[in-house]
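Chemist: Anchor point for the sequence shown: position 62 equals 62 in the UniProt record's numbering, and the numbering is continuous, going up by one each time. Where is the CB? At the ideal position from N, CA and C, for every residue including glycine.
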Amino acid sequence: MLRLFTLLTTLPLIVLTGTIFFRLVEGWSWLDAYFFTVVTLSTVGYGSLVPVTALGKIGTTIFIFTGLGVFALTIQQFAAFAMRKREQHTEKLMGITARGAVHESPSDAANTDESAPG
């Protein structure tokens, strides 16, 4: 859980850093810098914005490797968290079923003390 929390706080910091970097280096608007950052992290890559400066291109490659790694880890940890919650819910339901349900066959009902002769 702590790892997921750490990743969920790291990811916005990476988006913020990328947005500031592209705003300063490429001279894009805040919206364009943010859009490029998110599109790059998500690997969609529309191509509507492309870094033109050498520093922007180098920064983009570094950003892709670090940001994509954190993005992928965040998704993986979120999926693992969701699966654990689902397993816990299933185990809880199975425990309720095991304790609360009566599984009798018709022959078991006929062989109870009430039906035994006197």
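Helix, strand or coil for Thr53 per DSSP?
Modeler: Residue state for Thr53 is assigned as coil, using DSSP reduced to three classes.
Chemist: Any idea what DSSP makes of Trp28, helix, strand or coil?
Modeler: coil
Chemist: Can you say whether Phe78 is buried or exposed, counting buried as having 16 or more other CB atoms within 10 angstroms of its CB?
Modeler: exposed
Chemist: Pair every Cβ in the region 76 to 93 with every Cβ in the region 45 to 54, then say whether three or more of these pairs are closer than 8 Å.
Modeler: no
Chemist: Quick one: grab the DSSP three-state call for Thr19.
Modeler: helix
Chemist: Alpha carbons only, please: which of Phe35, Phe22, Ser42, Val70 is nearest the one belonging to Thr53?
Modeler: Ranked by how close their Cα comes to the Cα of Thr53, the residues Phe35, Phe22, Ser42, Val70 have Phe22 in first place.
Chemist: Could you tell me which of Leu8, Phe36, Gly69, Thr43 sits nearest to Ile20, measuring between CA atoms?
Modeler: Nearest to Ile20 by alpha-carbon distance, out of Leu8, Phe36, Gly69, Thr43, is Phe36.
Chemist: Tell me whether Glu91 is buried or exposed, calling it buried when 16 or more other Cβ atoms sit within 10 Å of its Cβ.
Modeler: exposed
Chemist: Short of 7 Å in beta carbon distance, which residues of its chain neighbour Ser59, apart from the five on each side in sequence? Order them along the chain.
Modeler: For clarity, residue 59 is Gly in the given sequence; the question names Ser instead. Around Gly59: Phe21, Val25.
Chemist: Verify whether the separation of the beta carbon atoms of Leu16 and Val70 is less than 7 Å.
Modeler: no
Chemist: So, with DSSP's three-state summary, where would you put Thr90?
Modeler: Thr90 falls in the helix class under three-state DSSP.
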